[in-house]
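These notes are about the structure you will find just below.
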Amino acid sequence: MDTETTFPQFEDEPLTRAEYIAALAHFYRAEMQRATDWRIRLDTTTNWSIISVMALVSFAMAETERSQVGIVVGMLLVFTFLVIEARRFRFFDVWRSRVRMLEQNFVGPILLRNQQSPVQDWNRKVAADLLRPRYKLTWRQALRVRLVRNYLPMFALLFACWLIKLDSLYANLDHPSVSDFLWQRSNVGDLPMWVSILVVAVLYGYLVGIVALVKRADTPESEYWKEGLREVRDLDT
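Residue 6 is where the sequence shown starts when you use the working numbering, and the numbers rise one by one after that.
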């Protein structure tokens with residue numbers, strides 16, 4: 006007796022309009038949930054950064070004798086959070102871009118009772134992105150977005166506090182001179198002050214370069230879905 010089970014070939018049966026709309030509605034809800042989950046992850050990293058900045062600034066500025074190294078460490082810590090958040094933003098943007106494509110070409114036309122979608126072949130573009138997911142932003146573009154939108158005030162505050170600490174340390178020298186100040190120990194072993202200054206200069210020079218030289222991410226939707234960006238790996242990690 007033949008026990009093989011014959012499964013229906015769903016591809017052979019055309020979808021009705023109701024089935025098509027129902028499938029897209031469920032898909033839109035799922036993509037919105039994914040985008041929301043990654044949005045929460047972004048907010049978590051930002052909150053960590055704010056708490057860290059407030060704690061380090063409060064500690065370093067409480068007494069004039071305290072070293073400026075704590076503020077430099079805070080700069081590096083906030084930059085680490087920025088790097089983590091830029092990576093998370095690239096993943097968030099994958100889901101966000103699909104949600105926007107559905108809102109623009111499916112939900113919007115339904116609400117307007119207009120059968121014409123603004124983007125031609127949008128469904129094929131979304132399907133292709135599902136089969137081979139791709140980032141819509143480069144890593145540096147994501148870094149720039151999070152830096153400009155969230156992290157610039159934190160870096161500016163840390164830099165201002167650091168300058169205040171340097172001015173205080175310089176004023177406390179018996180015979181203040183630039184050379185003596187640069188070779189003064191920074192309360193971290195035998196490291197001279199110029200090491201901290203070099204670290205801050207390199208870090209802030211890099212941040213300025215990201216803001217000034219990296220292309221902005223707010224490109225038109227047609228360019229936003231262009232080919233050539235790196236394929237996404239492990240979207241759920």
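Don't be surprised by glycine CBs; every beta carbon is placed ideally from N, CA and C.
Beta-carbon separation (whole angstroms), residue 94 vs residue 47, contact threshold 8 angstroms: In the sequence shown, the residue the question calls residue 94 occupies position 89. In the sequence shown, the residue the question calls residue 47 occupies position 42. Indeed, because the Cβ distance is near 6 angstroms, the residues count as touching under 8 angstroms.
Three CB pairs or more closer than 8 angstroms across the region 157-173 and the region 49-60: yes
Distance, residue 236 Cα to residue 139 Cα: For this step, residue 139 is matched to residue 134 along the sequence shown. For this step, residue 236 is matched to residue 231 along the sequence shown. Whole-angstrom Cα-Cα distance: 4 angstroms.
Endpoints, alpha helix (DSSP H) assigned at residue 24: The residue given as residue 24 occupies position 19 in the sequence shown. Here the alpha helix (DSSP H) through residue 24 covers 22-66.
Strand pairing of residue 149, partner residues [DSSP]: By 1-based counting over the sequence shown, the position of residue 149 is 144. DSSP, once it has assigned bridges, lists no residue as partnering residue 149.
Opening and closing residue of the alpha helix (DSSP H) in which residue 130 lies: Here residue 130 is taken as the residue at index 125 of the sequence shown, counted from 1. It spans 127-136 - the alpha helix (DSSP H) in which residue 130 sits, taken as one unbroken run.
Straight-line Cα distance separating residue 117 from residue 210: Stepping through the sequence shown from its first residue, residue 210 is reached at position 205. Stepping through the sequence shown from its first residue, residue 117 is reached at position 112. C-alpha separation (whole angstroms): 49 angstroms.
Backbone CA spacing between residue 188 and residue 199 [nearest angstrom]: Position 183 of the sequence shown, counted from the first residue, corresponds to residue 188. Position 194 of the sequence shown, counted from the first residue, corresponds to residue 199. Here the model assigns residue 188 a pLDDT of 49, short of 50, so the residue's position is not dependable, and the following value carries that caveat. Residue 188 and residue 199: Cα-Cα distance of roughly 7 angstroms.
Alpha-carbon to alpha-carbon, residue 150 and residue 222: Position 217 of the sequence shown, counted from the first residue, corresponds to residue 222. Position 145 of the sequence shown, counted from the first residue, corresponds to residue 150. One C-alpha to the other measures close to 7 angstroms.
For residue 43 and residue 96, the rounded distance between their alpha carbons: Locating residue 96 in the sequence shown gives position 91, where the first residue counts as 1. Locating residue 43 in the sequence shown gives position 38, where the first residue counts as 1. Spanning the two alpha carbons is a distance of roughly 7 angstroms.
Cβ-based neighbour list, residue 219, same chain, cut-off 7 angstroms, excluding 5 preceding and 5 following: Taking the first residue of the sequence shown as 1, we reach residue 219 at position 214. So the qualifying residues of the chain are 145, 146, 149.
For residue 128 and residue 99, the rounded distance between their alpha carbons: One-based indexing of the sequence shown puts residue 99 at position 94. One-based indexing of the sequence shown puts residue 128 at position 123. Distance between the alpha carbons of residue 99 and residue 128: 16 angstroms.
CA-to-CA distance, residue 19 to residue 215, given in whole angstroms: For this step, residue 215 is matched to residue 210 along the sequence shown. For this step, residue 19 is matched to residue 14 along the sequence shown. The alpha-carbon atoms of residue 215 and residue 19 are separated by roughly 50 angstroms.
Coarse secondary structure for residue 103, derived from DSSP in three states: Counted from its first residue, the sequence shown places residue 103 at position 98. Residue state, collapsed to three classes: helix.
Alpha-carbon spacing of residue 91 relative to residue 21, whole angstroms: In the sequence shown, counting from the first residue as 1, residue 91 sits at position 86. In the sequence shown, counting from the first residue as 1, residue 21 sits at position 16. Going from the Cα of residue 91 to the Cα of residue 21 covers about 41 angstroms.
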